[in-house]
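Converting from the sequence shown to the working numbering requires adding 5 to each position, the first position being numbered 1.
Ideal placement from N, C-alpha and C gives every residue a C-beta, glycine not left out.
Keep in mind it's a predicted model, so treat the numbers as computed, not measured.
Only one structure is covered here, and it is reproduced in the block below.
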Amino acid sequence: MTTRTGGPHITQQRPIAPWTRTRLRTAPGSALAFAALVLLTAFLAAAFPRAVDTNESSSLRQDLSGARPARSMLELTTPQPGLELPQSAREDALRPEVIAAAYRKVLPLLPAPVRADTTQSAYGVQTTEFLVGQEAWLPRPDGLPPEFTLAAQAGLAHHSTIRTGRLPTAPAGLTRELEAAVTTETAEVMRMHVGSLVHIGTSDSRALAVRVTGIVDPVRPEGNYWSGDQILRNPGLSSKGGRPPLMYWNAGLLLAPEAAPALLGTLGEPQAYWRIAPDVTGLTAQQLPLLSDRVASLENGPELLRLKQAAGQHASLTTDMDDILASHMEMRSAVRPVVAVAAIGTGTVAAVTLAMTGGLSAARRGAELALLRARGGSLRGVGGRLLVESAVVALPASGVGLVAAILSVPEGRLEPAAVGVAAVAVLACVALPLCALALQRKPRLRAERADAVKARPGRRRTVAELSLLLLAVGAVVTLRRRGTSDSGDYLVSAGPVLVGLIAALVLARLYPLPLRWAARPAGRLRGAFGFLSLARAGRSSATGGLPLLALLIALTTAAFGGAVLSGVADARDHAALRAVGADARISRPGPSGTGPLPNGLEQAVRDVHGVQVVAPVWIGPTFDLPRAHPVKGDLSPALVAVEPQSYAQITRALGSDTYPDQARQESPGPKGAGVLNVIASPGVAETLGHEPQLIRLLGKDFTVRVVAVRSRMPGVVVPEFLLVDASKLRQRVATTVLLASGDELDVRVVQAAAHAGGADVDVQLRSEVRASFADSPLQTGTERIYAAAIAAGAGYAVLGLLLSLLQSAPERTALLARLRTMGLTRRQGRRLLLLEALPQAPVAALGGLLVGWATVWLLAPGVDLTQLALASVPGLASGADVSLRADAWSLALPALGVVALAGAVAAGQAWWAGRRGSITELRAGDMR
Numbered sequence: 006m007t008t009r010t011g012g013p014h015i016t017q018q019r020p021i022a023p024w025t026r027t028r029l030r031t032a033p034g035s036a037l038a039f040a041a042l043v044l045l046t047a048f049l050a051a052a053f054p055r056a057v058d059t060n061e062s063s064s065l066r067q068d069l070s071g072a073r074p075a076r077s078m079l080e081l082t083t084p085q086p087g088l089e090l091p092q093s094a095r096e097d098a099l100r101p102e103v104i105a106a107a108y109r110k111v112l113p114l115l116p117a118p119v120r121a122d123t124t125q126s127a128y129g130v131q132t133t134e135f136l137v138g139q140e141a142w143l144p145r146p147d148g149l150p151p152e153f154t155l156a157a158q159a160g161l162a163h164h165s166t167i168r169t170g171r172l173p174t175a176p177a178g179l180t181r182e183l184e185a186a187v188t189t190e191t192a193e194v195m196r197m198h199v200g201s202l203v204h205i206g207t208s209d210s211r212a213l214a215v216r217v218t219g220i221v222d223p224v225r226p227e228g229n230y231w232s233g234d235q236i237l238r239n240p241g242l243s244s245k246g247g248r249p250p251l252m253y254w255n256a257g258l259l260l261a262p263e264a265a266p267a268l269l270g271t272l273g274e275p276q277a278y279w280r281i282a283p284d285v286t287g288l289t290a291q292q293l294p295l296l297s298d299r300v301a302s303l304e305n306g307p308e309l310l311r312l313k314q315a316a317g318q319h320a321s322l323t324t325d326m327d328d329i330l331a332s333h334m335e336m337r338s339a340v341r342p343v344v345a346v347a348a349i350g351t352g353t354v355a356a357v358t359l360a361m362t363g364g365l366s367a368a369r370r371g372a373e374l375a376l377l378r379a380r381g382g383s384l385r386g387v388g389g390r391l392l393v394e395s396a397v398v399a400l401p402a403s404g405v406g407l408v409a410a411i412l413s414v415p416e417g418r419l420e421p422a423a424v425g426v427a428a429v430a431v432l433a434c435v436a437l438p439l440c441a442l443a444l445q446r447k448p449r450l451r452a453e454r455a456d457a458v459k460a461r462p463g464r465r466r467t468v469a470e471l472s473l474l475l476l477a478v479g480a481v482v483t484l485r486r487r488g489t490s491d492s493g494d495y496l497v498s499a500g501p502v503l504v505g506l507i508a509a510l511v512l513a514r515l516y517p518l519p520l521r522w523a524a525r526p527a528g529r530l531r532g533a534f535g536f537l538s539l540a541r542a543g544r545s546s547a548t549g550g551l552p553l554l555a556l557l558i559a560l561t562t563a564a565f566g567g568a569v570l571s572g573v574a575d576a577r578d579h580a581a582l583r584a585v586g587a588d589a590r591i592s593r594p595g596p597s598g599t600g601p602l603p604n605g606l607e608q609a610v611r612d613v614h615g616v617q618v619v620a621p622v623w624i625g626p627t628f629d630l631p632r633a634h635p636v637k638g639d640l641s642p643a644l645v646a647v648e649p650q651s652y653a654q655i656t657r658a659l660g661s662d663t664y665p666d667q668a669r670q671e672s673p674g675p676k677g678a679g680v681l682n683v684i685a686s687p688g689v690a691e692t693l694g695h696e697p698q699l700i701r702l703l704g705k706d707f708t709v710r711v712v713a714v715r716s717r718m719p720g721v722v723v724p725e726f727l728l729v730d731a732s733k734l735r736q737r738v739a740t741t742v743l744l745a746s747g748d749e750l751d752v753r754v755v756q757a758a759a760h761a762g763g764a765d766v767d768v769q770l771r772s773e774v775r776a777s778f779a780d781s782p783l784q785t786g787t788e789r790i791y792a793a794a795i796a797a798g799a800g801y802a803v804l805g806l807l808l809s810l811l812q813s814a815p816e817r818t819a820l821l822a823r824l825r826t827m828g829l830t831r832r833q834g835r836r837l838l839l840l841e842a843l844p845q846a847p848v849a850a851l852g853g854l855l856v857g858w859a860t861v862w863l864l865a866p867g868v869d870l871t872q873l874a875l876a877s878v879p880g881l882a883s884g885a886d887v888s889l890r891a892d893a894w895s896l897a898l899p900a901l902g903v904v905a906l907a908g909a910v911a912a913g914q915a916w917w918a919g920r921r922g923s924i925t926e927l928r929a930g931d932m933r
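Given below as structure tokens:
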């Protein structure tokens, strides 16, 4: 055994205090503030994409669930069995157990994400041709007998409640009398009761008798079971055409499922059907492309072949779901670029704010880092320590922000949220090391100035600024030419941000010039405040471009967002006014669309508080035009008569000359006869031309001349019309429509006055129509997301302004302390700090206001907001031009807020510095 001998044993000792722990304990407040900022930024970065996903998914589900069941359902049908088959085989094919078995086979064959709502899906057998009812007691509006459809639909007992009688049953064998049930609405309109017998013609000219055994109330009448074919629930009027059109009733009779084979003996051409209601629970916007492909395949593709194996080789599937999905995709494509503008703007401001925190921390710790460098610390070593120090705070805060976003917005994809949080974490970690390394890259004199006046831009900065300028100009030109149709081009959506960036760079270059020009004459004036404030403003840090950049981008994004919201609101207001014609439209249904209103109703509406104008309108029957025009000569427009004075006041509320003065006058005609000036729709105007034409109105001949062409007029809902002065018709006409307008119109009193004239009097309010334009979650959600993004961007800009003021707070405090030793009072010190803060704040506010207005003006031609504003009303959206509208409030208020905030912070700093003692600020060797 040998023993090792030698010198003393030296053990490696650990550092007395680790760097990271020491730094966090030294400045816990700064670490907590930095963690709070990172947590909030990570939360917003994760919540924004999840909120957009939630908004799009809920809108998709509502578009499908809110559409009429006849449009959203998948209807699989098979024609009646062929005549070449034995009668028993034909009857067996329509028996309920066969139809139910096919239904159970079809459901598992539906491809994901298409799922069936079994609670509202329906199947059975129904006639495809209406059958005429023979009884004389059935209602006949124009002398035509009603027609019926017979449906043997399964599940009637589960989807209805019996009001009177019982549910129908089927006889054991074929018979000429069947039992049926009808809904309450059908019984009231068709004058049916329990025991009523209706005879329907059959193929052998003998009548098939159907006896009503029960009257039922639908359960969930708006669901697919009852509204897949609405005639089973509500009777409807149909027309045979002609002039005037002859109307007759259509109604449905509900048979027992076992009675389906008996329909083969009628001329109704019965067919088996499976109406599958879609289950939209759990459907997401990310599944939309796959859902569209699956629906197309079900209509005419491989998936239809699989369904034919279960339902029959002659089965076919029809649905309008593909149209609903296409409309939703079109609206989403139009909305996404607008949302991307807010996302990019707010994200840029947040990134600048995070970078400013790193710059502020690096500047405050400049002496400490310089000491480390002087003692041999390498850039790599110092940067690594700062990176670890930032990561210890930023990474946990980012994780908490991600978890909070997931809990707050439970629906949405995780991947975009995780990417956003990762970007925030990386930026938060590297901001301090990069700023510190930039400051410590080369040795600097301790008293060296780095102010805005002395700084001179280098060649690299000039090249970078010119590159950004070209990029911004290209984005703006592209947006003006192409618009926002390409939702994947984020360069276009970054147009407002790039415009704000270029404005910030230009202002940063121009900002020192007026300070240099103003400092010279200020030095010759009596008093030190002017010169000192300009000198202090000129000696502000050259890195002050970051808060200026944040403020300009925030103000530009706010201006763009205000223009978006203002343009949407103006378009909806105008569209609602066009749809209603005034603040309220009162009418009554009639044979020609509108019927005469009760006597005294006009005066009752005039007496309502707040009503300023009431315009009576008469919409009469259609009349024949001269057949001089080969295409338009067969039009049958409606004659509309108005009271000129009140109607002109209503039209002026639309903001256009829709009812010119010339239409109220009567022009001289040939042989001394008067010519009636009229306003016509485009089709009628094309037929009549602009020369006097002789037409027959209300049994009398009139010579009319078209003096104005209008596609729409207030209160007129028919597409083709001829509008005349009611006093020129030589006979009194009854009022069919009342248009009421007023600034303080009491809606409830107007409704009460109208309904007092009859229960069938309808009141259409502009406010209700205006609210219906934003019923889609995609519209309302997009507006809320945009408003939240603007608020977040404004908050980050304010935070950036506060950080820039806090960065210079120690230097200002030391200045006040030294000036107070020279006789400066507290009041004078506060004035000095206020004057020092004024130059940069008004420059940023004025620049933001001008850049915001310029951004709206530049981008307005390329931004189409029609889908965002009027997607729920395709008729109005097709002819509307909805673009950005510069909003004075969104331009002026943020700019004034910047000035007020800067002044308030400067005053607060002056007040706080005045209360503190000056002993600690007058230390020997302090170079501040």
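Exercise. Can you find at least 3 beta carbon pairs, one from the stretch 268-281 and one from the stretch 104-123, that sit closer than 8 Å?
Worked result: yes
For this session: Using 10 angstroms around the beta-carbon of Glu-182, count the other beta-carbons present and answer buried if the total reaches 16, otherwise exposed.
Result: exposed
Problem set entry | Close Cβ partners of Ser-208 (< 6 Å) along its chain, the five nearest in sequence each way excluded | For Ser-208, the pLDDT reaches just 47, beneath the cut-off of 50, and the residue's location in the model is therefore unreliable, leaving the point undetermined.
Problem set entry | Delimiting residues of the beta strand (DSSP E) encompassing Gly-257 | 252-260
Problem set entry | Simplified DSSP assignment, three categories, for Glu-696 | coil
Exercise. Which whole-angstrom value is the C-beta distance of Val-861 and Ala-891, which I expect to be below 8 Å?
Worked result: 5 Å
Exercise. How is Pro-86 classed by DSSP in three states: helix, strand or coil?
Worked result: coil
For this session: May I ask you to verify whether the stretch 496-511 touches the stretch 550-563, counting CB pairs closer than 8 Å and requiring at least 3?
Result: Yes, the stretch 496-511 touches the stretch 550-563.
Problem set entry | Local Cβ density within 10 Å of Gln-736, reported as buried at 16 or more and exposed below that | exposed
Problem set entry | Alpha-carbon spacing of Leu-155 relative to Ile-329, whole angstroms | 30 Å
For this session: Report buried or exposed for Ser-686, applying the criterion of at least 16 other Cβ atoms within 10 angstroms of its Cβ.
Result: buried
Problem set entry | Opening and closing residue of the alpha helix (DSSP H) in which Glu-152 lies | First-last for Glu-152: 152-158, but that is the beta strand (DSSP E), not the alpha helix (DSSP H).
For this session: In the DSSP assignment, find the unbroken beta strand (DSSP E) run with Gly-65 in it and report its ends.
Result: Correcting the residue type first, residue 65 is Leu in the shown sequence and not Gly. Leu-65 -> not in any beta strand (DSSP E); alpha helix (DSSP H) instead, spanning 33-71.
For this session: Determine the direct distance from the alpha carbon of Val-43 to that of Phe-53, and round the result to whole angstroms.
Result: If you take the alpha carbons of Phe-53 and Val-43, they lie about 15 Å apart.
Problem set entry | Close-in-space but distant-in-sequence residues of the same chain around Val-754 (CB under 6 Å, 5 per side omitted) | Same-chain partners within the cutoff: Val-613.
Exercise. For Asp-284, which residues from the same chain have a beta carbon less than 7 Å from its beta carbon, with the 5 sequence-adjacent residues on both sides left out?
Worked result: Excluding sequence neighbours, Asp-284 sits near Arg-120, Ala-121, Asp-122.
Exercise. Curious, which full-length alpha helix (DSSP H) runs of at least 4 residues does the stretch 749-775 contain?
Worked result: Runs of the alpha helix (DSSP H) inside the stretch 749-775: 752-761.
Problem set entry | Cβ pair Thr-174, Glu-190 closer than 8 Å | no
Problem set entry | Val-511 in three-state terms, based on DSSP | helix
Exercise. How long is the line joining the alpha carbons of Trp-142 and Pro-151, rounded to whole angstroms?
Worked result: Looking at the two C-alpha atoms, the distance is approximately 11 Å.
Exercise. Should Val-504 go down as buried or exposed, given a rule of 16 or more other Cβ atoms within 10 Å for buried?
Worked result: It is buried - the Cβ of Val-504 has at least 16 other Cβ atoms within 10 Å.
Exercise. Any idea which residues DSSP pairs Ser-126 with across the strands?
Worked result: Per DSSP, none; premise fails for Ser-126.
Problem set entry | Gln-314, buried or exposed, once every other Cβ within 10 Å from all chains shown has been counted against 16 | By the neighbour-count definition (other C-beta atoms within 10 Å, threshold 16), Gln-314 is an exposed residue.
Problem set entry | Close-in-space but distant-in-sequence residues of the same chain around Gln-756 (CB under 6 Å, 5 per side omitted) | For Gln-756, where only same-chain residues beyond five positions count, the Cβ hits under 6 Å are Val-768.
For this session: Please report the residue range of the beta strand (DSSP E) in which Ser-705 lies.
Result: Checking the sequence, you will find Lys at residue 705 rather than Ser. That run of the beta strand (DSSP E) goes 705-714.
Exercise. So what does DSSP say about Val-729, is it helix, strand or coil?
Worked result: strand
Problem set entry | Burial state of Thr-358 (16 or more Cβ within 10 Å) | buried
Exercise. If you pair each beta-carbon of the stretch 471-483 with each one of the stretch 318-327, do three or more pairs fall below 8 Å?
Worked result: Contact between the stretch 471-483 and the stretch 318-327 is absent: fewer than 3 CB-CB pairs across the two stretches fall below 8 Å.
For this session: Could you pull out every residue in the same chain whose Cβ sits closer than 6 Å to the Cβ of His-164, ignoring the five residues on either side in sequence?
Result: Excluding sequence neighbours, His-164 sits near Val-224, Tyr-230.
For this session: Out of Val-619, Gln-617, Val-683, point me to the one whose CA is closest to Ala-643's CA.
Result: Val-683
Exercise. In its own chain, which residues sit with a C-beta less than 8 Å from the C-beta of Pro-84, not counting the 5 before and 5 after it?
Worked result: Glu-274, Gln-276, His-319
For this session: Please determine if the stretch 360-377 and the stretch 430-450 are in contact, where contact requires at least 3 C-beta pairs separated by less than 8 Å.
Result: yes
For this session: In the DSSP assignment, find the alpha helix (DSSP H) that holds Ser-366 and state where it starts and stops.
Result: Element bounds for Ser-366: 326-369.
For this session: Decide if Asn-305 is buried, meaning its Cβ has at least 16 other Cβ atoms within 10 Å, or exposed.
Result: By the Cβ-count criterion, Asn-305 is exposed, with fewer than 16 other Cβ atoms from all chains shown falling within 10 Å of its own Cβ.
Problem set entry | Of the listed residues Ala-356, Ala-794, Ala-568, Gln-139, nearest to Leu-864 (C-alpha basis) | Across the set Ala-356, Ala-794, Ala-568, Gln-139, the C-alpha of Ala-568 shows the shortest separation from the C-alpha of Leu-864.
Exercise. Can we say the stretch 783-791 touches the stretch 562-576, given the rule of at least three CB pairs closer than 8 Å?
Worked result: yes
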